[in-house]
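Reading through the structure tokens given below for one structure.
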Amino acid sequence: MPKQWFTSLLLFAMLFIFPSPSFAVEYSITNVKMDAFLQENGDVLVEETHTYEFEGEFNGITREVIPKAGAAISHFTATENGQPLKIEKEDDLYKVHRIGTDETITVKLQYTIENGLEIYQDVAQFYWPFFDERNESSYENLTITIHPPKPTDDVIAFGYDAANSTETIQDDGAAVFQLGYVPESTNGDIRVAYPVSLFPAAPKTAVKPMKEDILKAKQELIDQAAAHAATRETLSTISTIGIPAFTLILLVLMGSNWLAARAKRNDFMREGSKFQSVPKQILSLPATIFFTNNGYLPPQAMAAGLLDLVRQGYVKKTSTDSFERINPKSPLKHENVLLDFLFDKIGSKNTFKFGQLTTYTMNKLNHGKYSSFQTQWLQAVKQEVVDHSLYENKTGYRLFVGFSSVLLLPFLFLFPIYDLLGSFLLALLLFLTVIIYAIVYRPRTWEGARIAYEWKQFRIRFKELSQEEWEKWSEDDQMRTYIYGLGISSKEIDRKHDALIEAFTSEDDYYDNDHPVGFYAIALIGPDTSAKFRFANESTISSSSNSGSSSSGGTSGGGGGSGAF
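For the sequence shown, position 204 (counting from the first letter as 1) is numbered 601 according to my numbering, and the numbering increases by one without interruption.
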């Protein structure tokens, strides 16, 4: 029995912690008609007709009516086809109960706004927000009509936000606001004024004239609309002329850069250099990997760095999983960083084993040290590339291009404000293109372009290399080829090496403890070395994330919206 109680409580708690999506009511409000009948005593009788289309089960609809200061809502009723519906009130929210499934229903709401009119010496004003940004639903077709107590031709009517420029005046003086589609969380106050003589029983709000102020407010809206239209037209012209012009200038710059790069490449091709072996080594292999791999060093590059130390004789391979440091120092900083970390921090007494690397990186206390070492090693490799001056100094040009994007920045805000979405998207795309271009544009010097070209050609032509040609290569070139392919994580080069190695039938054919340095000795431990450093890198990776939000309110009091439950 206690177990059943525990299970029930757990299920009950989960309903609150993880609410079921089925609890959400799916609906759309396809048509809304609101009629406000102004009374001679200053009250306003409101009739609203709401048509809902429901998908799935529902319990009813909601209507929030928040009165402005000095006004009050009373006599709220709801009917469907003349039949009264149950109403539940929670502060300014009215829940109209109407249970159903997959139905289209039309509900009529009626209520009174007490003291809904503002009475002045010359006019009576109805200034009301039937909905505001607190509205949680969209109205697909909304019409609001304001009816005077008697016919008149002396009417001032206008609206704000969603209701702006939607009004028409009927022959009897009724003001009709055809808002059409109104998105959720939208403001749309309406403002209508009639002669004060139509409301003899209404108490004065203030003893002062108001008509001129209302007309002035309407004229300001008209002026704002005209200014908005003029500014929009100007921005549209700027978009039509400016964006293509800016794009053309950018394309000319990028095209000239491309032509300069192609000219260098064509010069190298005209020289007719033949593919004989691996390119001449100008940079160390880790730096070559970094330079020819678009400035990226994969985890396997560290394994390549260790094997390159073996190739050069700084490190001796004593078995398939252990190494001994022979020469304590190298002329290159990144090689010294690697030697010190592997043989002093992880290993001991000038020896290093793969098992020590695994044990070190499995300890979470060492993750920060390992990441710091990786950063230090990477920076040292980068510095070798910098010291060889393989990139042109284009700092001034890149700054000029980058700062030119400032010309586009104001329009990224103005275009959306003035509903020029297409222009905004084009400007945003152009802005991002300029920024990215300024960041990534780093043309190589003649020497840098030659190194990149030769290694690219090597990667293409190596796939076609025959076994006979391969055996003519020096052993050092064979080792450099293998280490380079391992470092850039090239599957094509790896597959080619596997095919070349297949000519040997057993491990004894290419591995001899008396001669632990050579292509086949390196190739024997290459895959395991790569896997060990890749695992070490993955063991030390960690990540985290967070988020946040905000909101706001309506105009001079009042408002509300619609919904369902």
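No residue lacks a Cβ here, since even glycine has one placed at the ideal position from N, Cα and C.
Under DSSP, E865 takes part in no beta bridge, so it has no partner.
Apart from the 5 residues on each side of it in sequence, S802 sits with its Cβ closer than 6 Å to the Cβ of F828, V831 and I832 in its chain, given in chain order. Counting the other CB atoms within 10 Å of its CB gives L704 a total of 16 or more, which places it among the buried residues.
In summary, A660 is exposed, with fewer than 16 beta-carbon neighbours lying within 10 Å of its beta-carbon over all protein chains present. Of the candidates V573, I635 and L739, the residue whose Cα lies closest to the Cα of P725 is L739. When secondary structure is reduced to three states using DSSP, T644 falls in the helix class. Cβ-Cβ distances below 7 Å link Y850 to R662 and F665 in the same chain, with the five nearest sequence neighbours on each side left out; the list follows chain order. For W525, the enclosing beta strand (DSSP E) covers residues V520 to W525. Under the three-state reduction of DSSP, K791 is assigned to coil, being neither helix nor strand. Taken through DSSP and simplified to helix, strand or coil, N538 comes out as strand. In this structure A701 does not touch V734 by the C-beta definition: roughly 15 Å separates them, more than the 8 Å allowed. The Cβ-Cβ distance between A928 and Y767 does not fall below 9 Å.
Cβ contact annotation for N763 (same chain, cutoff 6 Å, sequence separation greater than five): Y757, in chain order. Within the same chain, Cβ atoms closer than 8 Å to the Cβ of D519 are found at P592, V593, P606, M607 and K608, the five residues on either side in sequence being excluded.
Judged by their CB atoms, Y917 and L682 are not nearer to each other than the 9 Å cut-off. Within 10 angstroms of the beta-carbon of F797 lie fewer than 16 other beta-carbons, which makes it exposed. Sixteen is the threshold: since fewer than 16 other Cβ atoms of the shown chains lie within 10 Å of the Cβ of Q621, the residue is exposed. Between the C-alpha atoms of F749 and E721 there is a straight-line separation of about 6 Å. Between the C-alpha atoms of K613 and I553 there is a straight-line separation of about 11 Å.
Annotation for I470: the continuous beta strand (DSSP E) segment containing it runs A469 to E477. If only uninterrupted alpha helix (DSSP H) runs of at least 4 residues are considered, those enclosed by the region 772-847 are 792-801, 806-814 and 818-837. According to the DSSP assignment, M876 belongs to the alpha helix (DSSP H) that extends over E872 to G884. Cβ neighbours of I885 within its own chain (closer than 6 Å, five residues either side excluded): I686 and N690. Excluding sequence positions up to five before and after T602, its CB lies within less than 7 Å of the CB of E515, I516 and Y517, all in the same chain and listed in chain order. Under the three-state reduction of DSSP output, F688 falls in the helix class.
In the same chain as Q875, and ignoring 5 residues on each side of it, the C-beta atoms closer than 6 Å to its own belong to F916, in chain order.
Taking 9 Å as the cut-off, the Cβ atoms of E477 and V504 count as close.
Checking the DSSP bridge columns, you'll see A433 partnered with V443 and I543. Within the DSSP bridge table, the entry for R662 names no partner.
For the pair L482 and T459, the CB atoms are not nearer than the 9 Å cut-off. By the neighbour-count criterion, in which 16 or more other beta carbons inside 10 Å mark a residue as buried, A469 falls on the exposed side. In this structure A599 is in contact with A521, their Cβ atoms being roughly 7 Å apart against a cut-off of 8 Å.
Residues of the same chain with a CB within less than 6 Å of the CB of T448, apart from the 5 flanking positions on each side, are T427, N428 and T503 in chain order. Scanning E511, S653 and D737 for the CA closest to the CA of F770 turns up D737. Taking the Cα of A920 as reference, the smallest distance to any Cα among I646, A560, K714 and F473 is reached at K714. Note: H494 is bridge-paired with G457 in the DSSP secondary-structure output.
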